[in-house]
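Just add 17 to the spot in the sequence shown (first one is 1) and you have our numbering.
For every residue, glycine included, the Cβ atom is placed at its ideal position computed from N, Cα and C.
No experiment lies behind these values; they were computed from the predicted model shown.
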Amino acid sequence: MGIVGNLTADQLQSFNSQGYIVLESFAVDEDIDAMVRRMDQLVNDFDPSSTASIFSTKNQQKLTDDYFFESAEKISFFFEEKAFGDDGKLKQPKQLSLNKVGHALHEIEPAFKKFSSSNKVSSLMFSLGYKRPVIMQSMYIFKQPGIGGEVVPHQDNSFLYTEPQTCTGLWLALEDATVLNGCLWAIPGSHKKGLVRRFLRDEDGVKFDRPSPSYDQKDFVPIEVKAGSLVVIHGDLIHQSFENQSQKSRHAYSLHVVDTDGCQWAPENWIKRKVEPEPLYVS
Ligand code: FE2
């Protein structure tokens, strides 16, 4: 085994043919605990009334969009769709109502920064052929028991488009992910068919440039992993996850990385950085 995080020739071959690979025990318990504990504190300190109104009223599209856009350089809290009752109030404690927190944990919060900019993450990206890898967004995803919503089939390159396309998703399981609590599912090899649509931002907000194709659910395979495993996802891989109908949460930390050497960040992407993000490097 060479540098930690570096993929072997076999792993690279598997990634290239399947469009994803699972790296077991990628994160150590200490790193996972630090991230889970810090998120617990952030959620405890978060006042839901500060943002609940934004998400509980469908007509407030502009406020919702602005909160989303500004989250690129902040730590922002996003609720589950099913979190609110008809009265606009949370139906259950805030701890069980959040869908995700994002999108700059990797820059702002030390526990997340430590893992995100670790040598093993950097080495992984260099072994995938990146020349100047940059993390464009990070998300802490809760997939709450009972209400953790589905994520419909998509490709990450739709949301984080560079010319040529270079997005890779790094999905770290902070808890065991199973078919019962809403693990990832993917269509192996689907990354070879190219990008099917883009998610564009303009003065009216964000939208896809075309409808999603329909997919045959029989083509998806579940990616069940233990806490600490990292799923590396090709930017063109079709993947999804279902609702969490179990009583166990399924916390995950996800990063999306693009190359900034010889690649152009598309101006139509939802993320428009004011401050240029730092590239990853191996120290
Ligand atoms: Fe994704």
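Residue-level contact to chain C via CB, residue i, 8 angstroms cutoff
i, result
"Arg55", "The structure shown contains no chain C; it is built from a single protein chain."
Endpoints, the alpha helix (DSSP H) within which residue i is located
i, result
"Thr81", "Gln78 to Glu87"
"Lys130", "Pro127 to Ser133"
"Ala26", "Ala26 to Gln35"
With 16 other Cβ atoms within 10 Å as the buried cut-off, status of residue i
i, result
"Asn61", "exposed"
"Arg227", "exposed"
"Gln172", "buried"
"Ser114", "buried"
"Pro230", "exposed"
"Gln161", "buried"
"Asp253", "buried"
"Thr65", "Looking at the sequence itself, residue 65 is Pro, so the reference to Thr does not match. Label assigned to Pro65: buried."
"Gly199", "buried"
"Ser88", "buried"
"Glu220", "exposed"
"Glu295", "exposed"
"Lys75", "Residue confidence for Lys75 is low, a pLDDT of 46 falling below 50, so the modelled location carries little weight and cannot support an answer."
"Gln58", "exposed"
"Ala100", "buried"
"Lys209", "exposed"
Start-to-end residues for the beta strand (DSSP E) that takes in residue i
i, result
"Asn136", "Looking at the DSSP string, Asn136 is not in any beta strand (DSSP E); the run it does join, the alpha helix (DSSP H), is Asn136 to Ser144."
"Asn116", "Leu115 to His120"
"Pro60", "It is worth fixing the name first, because residue 60 is Val in this sequence and not Pro. First-last for Val60: Asp46 to Asp62, but that is the alpha helix (DSSP H), not the beta strand (DSSP E)."
"Lys224", "Gly222 to Phe225"
"His171", "Val168 to His171"
"Gly186", "Thr185 to Ala190"
"Trp202", "Leu201 to Ala203"
"Arg214", "Counting along the chain, Arg214 falls outside any beta strand (DSSP E), and DSSP gives it neither H nor E."
Which of helix, strand or coil DSSP assigns to residue i
i, result
"Phe94", "strand"
"Asp104", "coil"
"Lys75", "Any answer about Lys75 is weak, because its pLDDT of 46 lies below 50 and its placement is not dependable; what the coordinates show is given next. Three-state result, Lys75: coil."
"Thr68", "helix"
"Gly180", "Contrary to the premise, residue 180 reads as Glu rather than Gly in this sequence. Correct three-state label for Glu180: strand."
"Ser155", "strand"
"Asp233", "coil"
**Message:** Threshold first: 4 residues or longer. Then list the alpha helix (DSSP H) segments lying entirely within the region 238-284, N to C.
**Reply:** Complete alpha helix (DSSP H) runs here, min 4: none at all.
**Prompt:** Does the region 237-246 touch the region 40-58, meaning 3 or more C-beta pairs lie closer than 8 angstroms?
**Reply:** The region 237-246 and the region 40-58 touch, with three or more beta-carbon pairs separated by less than 8 angstroms.
**Item:** Validate contact between the region 120-128 and the region 178-197 using beta carbons, cut 8 angstroms, 3 pairs
**Value:** no
**Message:** Check whether the region 146-158 and the region 271-279 touch, using three or more Cβ-Cβ pairs below 8 angstroms as the test.
**Reply:** The region 271-279 and the region 146-158 touch, with three or more beta-carbon pairs separated by less than 8 angstroms.
**Message:** Using a Cβ distance threshold of 8 angstroms, determine whether the region 199-211 contacts the region 276-291, with at least three qualifying pairs required.
**Reply:** Flag = no, the region 199-211 and the region 276-291 do not touch.
**Prompt:** With contact counted as at least three CB pairs below 8 angstroms, one residue from each stretch, are the region 155-174 and the region 259-269 in contact?
**Reply:** Three or more Cβ pairs drawn from the region 155-174 and the region 259-269 lie within less than 8 angstroms of each other, which places the two stretches in contact.
**Message:** I want to know whether the region 129-147 touches the region 51-67 - three or more CB-CB distances under 8 angstroms.
**Reply:** yes
**Request:** State whether the region 190-198 contacts the region 278-286, with contact taken as three or more CB pairs (one from each stretch) at a distance under 8 angstroms.
**Result:** no
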